[in-house]
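Here the structure comes first, spelled out in structure tokens, and everything after it is commentary.
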Amino acid sequence: MHDILKDKKKLTVAIIIIIIIFLIFFIINKIMVKKLDNQIVPKPVSCEEGEGKFILTKNTSIYVKGNTEEETEEIYKIAEFLKGKLKPSTGFDFNIIKSDKVLEGNIYLTTIGGEKDQGNEGYQISTTSKNVNLIAYKAEGIARGVQSLRQLFPAEIEKNYLVTNIEWTLPVSVIKDKPEYSYRGLMIDVARHFISLEDIKRQIDLAAEYKINKLHLHLTDDQGWRLEIKKWPELTTIGGSTQVGGGEGGYYTQEEFKGLVKYAAERYVEIIPEIEMPGHTNAALASYDFLNEDGKSKEVYTGIDVGFSTFKCHDEKTYEFIDDVIKEVSDISPSKYIHIGGDEPKNALEDDYYYFVGRVNKIVEKYGKTAIGWDPCDKSSDISKDFVLQNWSNKNIVAKDKGMKMIVSVAKKCYLDMKYDTSTPYGLIWAGYIPVDKAYKWDPTDYAPKDLIWGIEAPLWTETITNSKFMDYMIYPRLLGHAEIGWTTKEKRNWNEYKYRLKVQYERMKNKGINYYN
Ligand code: TNX
Numbered sequence: 000m001h002d003i004l005k006d007k008k009k010l011t012v013a014i015i016i017i018i019i020i021f022l023i024f025f026i027i028n029k030i031m032v033k034k035l036d037n038q039i040v041p042k043p044v045s046c047e048e049g050e051g052k053f054i055l056t057k058n059t060s061i062y063v064k065g066n067t068e069e070e071t072e073e074i075y076k077i078a079e080f081l082k083g084k085l086k087p088s089t090g091f092d093f094n095i096i097k098s099d100k101v102l103e104g105n106i107y108l109t110t111i112g113g114e115k116d117q118g119n120e121g122y123q124i125s126t127t128s129k130n131v132n133l134i135a136y137k138a139e140g141i142a143r144g145v146q147s148l149r150q151l152f153p154a155e156i157e158k159n160y161l162v163t164n165i166e167w168t169l170p171v172s173v174i175k176d177k178p179e180y181s182y183r184g185l186m187i188d189v190a191r192h193f194i195s196l197e198d199i200k201r202q203i204d205l206a207a208e209y210k211i212n213k214l215h216l217h218l219t220d221d222q223g224w225r226l227e228i229k230k231w232p233e234l235t236t237i238g239g240s241t242q243v244g245g246g247e248g249g250y251y252t253q254e255e256f257k258g259l260v261k262y263a264a265e266r267y268v269e270i271i272p273e274i275e276m277p278g279h280t281n282a283a284l285a286s287y288d289f290l291n292e293d294g295k296s297k298e299v300y301t302g303i304d305v306g307f308s309t310f311k312c313h314d315e316k317t318y319e320f321i322d323d324v325i326k327e328v329s330d331i332s333p334s335k336y337i338h339i340g341g342d343e344p345k346n347a348l349e350d351d352y353y354y355f356v357g358r359v360n361k362i363v364e365k366y367g368k369t370a371i372g373w374d375p376c377d378k379s380s381d382i383s384k385d386f387v388l389q390n391w392s393n394k395n396i397v398a399k400d401k402g403m404k405m406i407v408s409v410a411k412k413c414y415l416d417m418k419y420d421t422s423t424p425y426g427l428i429w430a431g432y433i434p435v436d437k438a439y440k441w442d443p444t445d446y447a448p449k450d451l452i453w454g455i456e457a458p459l460w461t462e463t464i465t466n467s468k469f470m471d472y473m474i475y476p477r478l479l480g481h482a483e484i485g486w487t488t489k490e491k492r493n494w495n496e497y498k499y500r501l502k503v504q505y506e507r508m509k510n511k512g513i514n515y516y517n
């Protein structure tokens, strides 16, 4: 009898210990892996999950209301965007209603009550079982919030065909969010290989979901000139006629470029055009003889060497030509910024190069724009703090001294054309392999003082990238990491936890048809 009692006691103690261990694990798990946090990339400032869910049905409407009529119109367009994204998989044809008298069961997008400290891109999503309220200070914030909203639905929402056996729910929650940096860019080199408008639009659409807000187009290089310049048509008919490997090449007409800008703007992405010079200019040198030192046009170039071409740095005809180009680009590009390249040409004298970038900066300013350039543009004594440095090599001492604004694009972390590892079928390795963790585990302040950092950018150079599938593979999933580095504070980022959230994104990427590297 005594023994049995003793055993019973032991058993009870064991059970209590097991329950305590279980509870401890449960609590730690709750703290470490908040469900909502795991759904959104880039990670928001805060997510509080409640009990219950909001169910999207065919009767759901999207209500919109701004502080002015104009703003209401702008939010209306964002609602149309959201509707377009939700429709293929849900099959729902939402009504969009311009009103703040929101009835139960609906989504409300508004700037009324938005607060200044949310900034232009901040937003708050409050979901109850009855309504979804997305409030922002500016319409742009609503556009960013809508991208988070998409990620809160089941991953099937991303499919582009009807899914019927599913309940379209959002968790009851409050999400507050705003970005750390205001420049979060993707660059695509359309010069080495010409990329069709359709493929660029697709990349804009995909990147915008991760709150990338700038697309820098590297429009000219040795192998191709890809933007129509009306005064100098041979830039595209000759300079745009081919590409790496000798394929057909191509270019965008000015009308097409404007259409692309509009498409991007509808997704709150700004296009920043780059005309690379004085180096990386063989396509222009092949198009017009007068740009060449010996007065003879070069042959078009289809290899992948760099650093062999240069404009003449002390020739007024060259600057007249550049003036024409910058004028036309300024006319068709609403961005305040024009990227002038400035990757150091190995065959131009240093002083000539510094003089050149200073002159071109003046031309850009003359047309009311601000110039961006690769390092070492900052070292030119004619370049002041009004110029933005895009830093690829981490040589930015002069820029720091001058107090120049910087876009951090350090090659060994940011370059999307670097292979992940030895098994990556395309890409280069000059800046090293960049596996997914390496692309994530860094911070812009590793390379520049916080107050000078405008943001970050991940460039995809396309010497070895010939089609849309390859682009996807090199961009995804690394861009998600860069997007998060640009959006989420350093303190809130952690690889071990991000790894888990990235897995959640894989299913969504698959549903969107992204050929990501797994
Ligand atoms: C560097 S760093 C380049 C490009 C190449 C790329 C290849 C810099 C501004 N330019 O011209 O395409 O490496 O990875």
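Here numbering that gives the first Met the number 0 is used: the first residue of the sequence shown is 0, the next is one more, and so on. Built from N, CA and C at the ideal position, the CB exists for glycine as well.
Could you check the C-alpha separation between Gly278 and Lys311 for me, to the nearest Å? As a first step, residue 278 is located in the sequence shown; it is residue number 279 there, counting from the start. As a first step, residue 311 is located in the sequence shown; it is residue number 312 there, counting from the start. Using only the alpha carbons, I get a separation of about 10 Å.
Return the chain-ordered list of same chain residues with a C-beta closer than 8 Å to the C-beta of Ile76, the five sequence neighbours on each side being excluded. Along the sequence shown, read from residue 1 onward, the residue named residue 76 stands at position 77. Reading off the sequence, residue 76 comes out as Lys, not Ile. These residues qualify, in order along the chain: Glu265.
Would Glu68 be called buried (16 or more neighbouring beta carbons within 10 Å of its own) or exposed? Start at 1 with the first residue of the sequence shown, and residue 68 comes out as number 69. Exposed, because fewer than 16 other Cβ atoms sit within 10 Å of the Cβ of Glu68.
Are Ile325 and Lys365 close, meaning C-beta to C-beta below 9 Å? Locating residue 325 in the sequence shown gives position 326, where the first residue counts as 1. Locating residue 365 in the sequence shown gives position 366, where the first residue counts as 1. In this structure, Lys365 lies closer than 9 Å to Ile325 by Cβ.
Can you list, in chain order, the residues of its chain with a C-beta nearer than 6 Å to that of Asp381? Leave out the 5 residues immediately preceding and following it. Here residue 381 refers to the residue found at position 382 of the sequence shown. Here the set comprises Gly357.
Val503 versus Ile228: straight-line alpha-carbon distance, rounded: The residue given as residue 503 occupies position 504 in the sequence shown. The residue given as residue 228 occupies position 229 in the sequence shown. Distance between Val503 and Ile228, taken at the CA atoms: about 45 Å.
With a threshold of 16 other CB atoms inside 10 Å of the CB of Ser98, please say whether the residue is buried or exposed. Position 99 of the sequence shown holds residue 98. Exposed, by the Cβ-count rule.
Report yes or no: do three or more beta-carbon pairs, one from the region 41-54 and one from the region 173-180, lie closer than 8 Å? yes
Using a 10 Å radius around the Cβ and a threshold of 16 neighbouring Cβ atoms, would you call Lys115 buried or exposed? On the sequence shown, residue 115 is found 116 positions in, with the first residue counted as 1. Flag for Lys115 reads exposed.
Alpha-carbon to alpha-carbon, Thr444 and Ile378: Translated into the one-based positions of the sequence shown, residue 378 becomes position 379. Translated into the one-based positions of the sequence shown, residue 444 becomes position 445. It is Lys, not Ile, that sits at residue 378 in the sequence shown. Looking at the two C-alpha atoms, the distance is approximately 21 Å.
Please name the residue in Thr317, Ser308, Met508 whose C-alpha comes closest to that of Leu290. Along the sequence shown, read from residue 1 onward, the residue named residue 290 stands at position 291. Among Thr317, Ser308, Met508, the Cα nearest to that of Leu290 belongs to Thr317.
With a cut-off of 8 Å on the beta carbons, I'd call Leu214 and Ile187 a contact; round off their distance for me. As a first step, residue 214 is located in the sequence shown; it is residue number 215 there, counting from the start. As a first step, residue 187 is located in the sequence shown; it is residue number 188 there, counting from the start. Sure, about 7 Å apart at Cβ, within 8 Å.
Is any heavy atom of the ligand TNX found at a distance shorter than 8 Å from the C-beta of Glu456? Start at 1 with the first residue of the sequence shown, and residue 456 comes out as number 457. Checking every heavy atom of the ligand TNX against the Cβ of Glu456, none is found closer than 8 Å.
Extent of the continuous alpha helix (DSSP H) to which Lys261 belongs: Position 262 of the sequence shown, counted from the start, is the residue given in the question as residue 261. Lys261 -> alpha helix (DSSP H) spans 253-265.
Our contact map puts Ile513 next to Asp471 with C-beta atoms below 8 Å; I'd like the distance itself, whole angstroms only. The sequence position of residue 513 within the sequence shown is 514, counting from 1. The sequence position of residue 471 within the sequence shown is 472, counting from 1. Contact holds; Cβ gap of about 5 Å.
Separation of Leu415 from Arg143, as counted between CA atoms: Position 144 of the sequence shown, counted from the first residue, corresponds to residue 143. Position 416 of the sequence shown, counted from the first residue, corresponds to residue 415. Taking the straight line joining both Cα atoms gives about 24 Å.
For Thr163, which of helix, strand or coil comes out of DSSP? Indexing the sequence shown from 1 puts residue 163 at position 164. Residue state, collapsed to three classes: coil.
Using three-state DSSP, classify Thr465 as helix, strand or coil. As a position in the sequence shown, residue 465 is number 466, starting the count at 1. In the structure shown, Thr465 sits in coil (DSSP, three-state: anything other than H, G, I, E or B).
Using C-beta distances below 7 Å, list every residue in its chain close to Arg149, excluding the 5 sequence neighbours before and after it, in chain order. By one-based count along the sequence shown, residue 149 stands at place 150. Once the five neighbours on either side are set aside, the close Cβ partners of Arg149 are Lys84, Ile156, Glu208.
Alpha-carbon to alpha-carbon, Lys401 and Gln146: In the sequence shown, residue 146 corresponds to position 147, counting from 1. In the sequence shown, residue 401 corresponds to position 402, counting from 1. Taking the straight line from one Cα to the other gives about 37 Å.
Arg149, enclosing alpha helix (DSSP H) - first and last residue: Here residue 149 refers to the residue found at position 150 of the sequence shown. Its alpha helix (DSSP H) spans residues 138-151.
Asn510: which of Pro434, Glu269, Lys34, Leu161 sits nearest, CA to CA? Counting from 1 along the sequence shown, the entry for residue 510 is found at position 511. The shortest C-alpha separation from Asn510 is found at Leu161.
Candidates Pro153, Glu179, Lys177: which alpha carbon is nearest Thr168's? Indexing the sequence shown from 1 puts residue 168 at position 169. When each option's Cα is compared against that of Thr168, the closest is Pro153.
Which of helix, strand or coil does DSSP assign to Pro434? The residue you call residue 434 lines up with position 435 of the sequence shown. Pro434: coil per DSSP, three-state reduction.
Within 9 Å, strictly: CB atoms of Leu102 and Val63: Along the sequence shown, read from residue 1 onward, the residue named residue 102 stands at position 103. Along the sequence shown, read from residue 1 onward, the residue named residue 63 stands at position 64. It is not a contact, given that the beta carbons lie outside the stated cut-off.
Confirm the yes/no value for this check: CB of Val63, any heavy atom of the ligand TNX, distance under 8 Å. Counting from one through the sequence shown, the residue named residue 63 turns up at place 64. The answer is no for Val63.
How big is the Cα-Cα spacing for Ile428 and Asp221? The sequence position of residue 428 within the sequence shown is 429, counting from 1. The sequence position of residue 221 within the sequence shown is 222, counting from 1. If you take the alpha carbons of Ile428 and Asp221, they lie about 20 Å apart.
Once DSSP output is grouped into helix, strand and coil, what is the label at Pro87? Counted from its first residue, the sequence shown places residue 87 at position 88. Reduced to three states, the DSSP call for Pro87 is helix.
For Glu50, which option in Thr11, Thr126, Ser392 has the closest C-alpha, if you only look at C-alpha atoms? Start at 1 with the first residue of the sequence shown, and residue 50 comes out as number 51. Closest option to Glu50, Cα to Cα, is Thr126.
Mapping the DSSP letters down to three states, classify Val305 as helix, strand or coil. Within the sequence shown, residue 305 is the residue found at index 306, counting from 1. Val305: coil per DSSP, three-state reduction.
Look at the alpha carbon of Glu604 and the alpha carbon of Thr463, and state the distance between them as a whole number of angstroms. Any property of residue 604 remains undetermined from this structure, which presents the chain solely from 0 to 517.
Quick check on this structure: which residue in Gln253, Gln389, Thr235 has the alpha carbon closest to the alpha carbon of Ala283? For the purposes of this step, residue 283 is identified with residue 284 of the sequence shown, where counting begins at 1. The shortest C-alpha separation from Ala283 is found at Thr235.
Met403 Cβ short of 8 Å to the ligand TNX heavy atom set: Position 404 of the sequence shown, counting from 1, holds the residue named residue 403. No, the beta carbon of Met403 sits no closer than 8 Å to any heavy atom of the ligand TNX.
Beta-carbon spacing of Val328, Ile274 below 9 Å: Along the sequence shown, one-based indexing puts residue 328 at 329. Along the sequence shown, one-based indexing puts residue 274 at 275. The answer is yes: Cβ separation under 9 Å.
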